[in-house]
Amino acid sequence: MVTVIGAGLAGCEAAWQCAERGVPVTLTDMKPLRRSPAHRTDRFAELVCSNSLRGDRLENAAGLLKEELRRLGSLILRCADATRVPAGGALAVDREAFSAAVDAAVRNHPRITVETRIAERIPRESFVIAATGPLTGGALAEDLSRLLGRESLYFYDASAPLIAADSVDMRFAYESARYGRGGADYINCPMDKESFLAFCKELAEAREAPVHGFLDKHVFEGCMPVEVLARRGADTLRFSAMRPVGLRDPATGKGAYAVLQLRRDNAAGTVYNMVGFQTHLAFPEQKRVFSMIPALREAEFLQYGVMHRNSYVDSPRCLDDTYKVTAESEICLRLAGQITGVEGYIESTASGYCAGLFTAMEAAGQAVTPFPRETAVGALAAYIANPANDPFRPTKIHFGLLPPLPEQQAVRDKQEKCRRLSARALERIMR
Ligand SMILES: Cc1cc2nc3c(=O)[nH]c(=O)nc-3n(C[C@H](O)[C@H](O)[C@H](O)COP(=O)(O)OP(=O)(O)OC[C@H]3O[C@@H](n4cnc5c(N)ncnc54)[C@H](O)[C@@H]3O)c2cc1C
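Each residue of the sequence shown is one higher than the one before, starting from 2 at the first, in this note's numbering.
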């Protein structure tokens with residue numbers, strides 16, 4: 002019997018992998034008794050911010066990680082593929098349909114028993130997986146610190162607003178995907194130089210919602226609040242969240258100085274999210290400043306962006322490359338998800354997959370061997386367990402985590418290099 006605590010992306014994947022290998026699982030989650038500050042529904046596997054699982058091409062490390070997970074039989078990837086919405090080269094999902102699919106799959110699995118409870122300590126049982134996410138707090142966080150013998154680390158992360166599609170003024174917007182990849186999947190909201198610079202100034206000076214202990218230096222570089230980008234300079238914003246390259250208005254054939262993209266958030270196309278616009282401005286300020294974008298003058302904000310403190314453990318000093326806690330203990334405890342310092346939905350899923358698979362193998366008395374370093378799943382696990390990462394920083398998957406190609410296969414062309422790294426990974430993943 003395996004106990005999995007936390008039915009987010011990592012916990013559901015871990016529970017599913019154990020159950021599919023014949024091991025009975027108790028999956029404990031506190032919903033609906035309590036919700037973390039970022040969770041808004043009572044369903045399992047809730048996407049707390051963006052509905053995108055990022056790029057889906059093999060020239061992209063996130064695309065490789067997803068393809069590996071697909072081939073390995075990931076529940077999360079199966080449900081994501083089944084509920085995808087058009088998003089150019091990315092895998093984006095209808096968030097409600099996605100979590101409903103995962104929720105139903107785990108609840109209906111004959112070997113998974115769902116338990117509704119606020120866990121306050123790690124059970125001292127034989128096989129446990131803790132996947133309570135970046136907002137793990139209270140008594141459970143203290144118990145985990147005691148078991149690991151160290152305090153958790155943290156950074157701050159924000160979410161982006163959601164907008165009613167019919168409130169976007171399409172006289173100032175057009176539909177298309179960047180570089181014409183996919184169909185007309187995004188609503189693009191262009192700005193000319195003058196209005197963009199005025200917008201950027203207001204954004205940089207706008208009032209933030211108070212968040213205890215927050216300083217700009219504590220944000221995760223890969224998920225920077227848009228106002229922090231604006232404070233770093235107009236060009237920083239224009240080369241990141243409001244990047245205009247690859248976008249031309251089909252009516253005029255013209256590009257713009259800066260562009261906000263809106264991505265479909267549900268299959269019906271009634272809700273869109275502001276891509277890359279994670280923010281922790283006060284709510285009235287979000288409305289005031291974002292409404293300076295011409296297409297959003299009358300926008301209806303269905304949900305505002307918020308910021309949270311994310312906790313993660315010092316994995317290189319606590320976990321091995323199978324996500325197992327290394328501290329002396331009678332229990333076989335693995336951690337999974339964002340709490341291990343992997344950053345992002347699919348990275349959390351990958352760690353959940355590994356924790357579930359390896360725990361099931363141990364429960365069956367089998368020897369456990371980590372995935373090869375040449376695979377994205379294996380490279381991520383190797384990174385979080387590498388003691389040289391001191392201080393430890395959370396990471397998304399990227400090709401720099403994989404060992405380089407042997408000299409005879411090395412190429413200068415970046416796209417080709419990524420394709421070759423992906424081909425090598427996919428060849429090794431199923432071995
Ligand atoms: C505000 C915010 C925005 C984010 N935005 C993105 C994004 O846009 N894209 C992206 O890729 N990643 C994003 N992330 C990062 C990360 O991918 C998500 O946090 C992801 O949901 C992590 O998955 P998880 O399974 O580790 O944890 P979670 O999805 O948080 O799941 C944890 C589960 O554990 C349960 N739980 C917690 N404590 C207890 C307890 N004591 N007892 C019982 N149950 C408990 C919770 O109810 C929840 O169901 C964001 C994170 C935050 C906080």
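Ideal Cβ placement from N, Cα and C applies to all residues, glycine included.
Residue i, buried or exposed, once every other Cβ within 10 Å from all chains shown has been counted against 16
i: Ala389; result: exposed
i: Asp236; result: exposed
i: Val246; result: exposed
i: Arg118; result: exposed
i: Tyr384; result: buried
i: Thr396; result: buried
i: Thr322; result: Correcting the residue type first, residue 322 is Asp in the shown sequence and not Thr. Result: buried.
i: Asn109; result: exposed
i: Ala11; result: buried
Reduced DSSP secondary structure (H/G/I, E/B, other) of residue i
i: Gly56; result: strand
i: Arg151; result: coil
i: Ser312; result: strand
i: Pro191; result: strand
i: Arg85; result: strand
i: Leu406; result: coil
i: Lys325; result: strand
i: Glu344; result: coil
i: Glu209; result: strand
Residue i Cβ short of 6 Å to ligand 1 heavy atom set
i: Cys419; result: no
i: Val246; result: no
i: Ala356; result: no
i: Gly64; result: no
i: Thr360; result: no
i: Ser423; result: no
i: Ile119; result: yes
i: Ser146; result: no
Selection from the options that minimises the alpha carbon distance to residue i
i: Asn274; options: Glu348, Gly181, Phe291; result: Phe291
i: Arg36; options: Pro25, Leu54, Gly9; result: Gly9
i: Val229; options: His281, Asn109, Glu428, Phe393; result: His281
i: Cys80; options: Ala380, Ala98, Ile340, Ala382; result: Ala98
i: Lys32; options: His40, Val26, Pro25; result: His40
i: Glu301; options: Thr271, Arg310, Ser312; result: Thr271
i: Lys194; options: Gly256, Tyr346, Tyr354, Gly353; result: Gly256
i: Ala91; options: Thr114, His110, Val103, Leu66; result: Leu66
i: Gln18; options: Glu60, Ser75, Pro135, Arg55; result: Ser75
i: Ile188; options: Ser168, Ala210, Val227, Gly342; result: Ser168
For residue i, the residue or residues it bridges with in DSSP
i: Gln304; result: Leu163
i: Cys333; result: Phe128
i: Ser177; result: Tyr187
i: Thr117; result: Asp30
i: Met275; result: Leu263
i: Ala91; result: Gly56
i: Ile6; result: Thr29, Ala131
Residue i beta carbon near ligand 2 (any heavy atom closer than 6 Å)
i: Pro317; result: By its list of ligands, the structure shown excludes ligand 2, since it contains just ligand 1.
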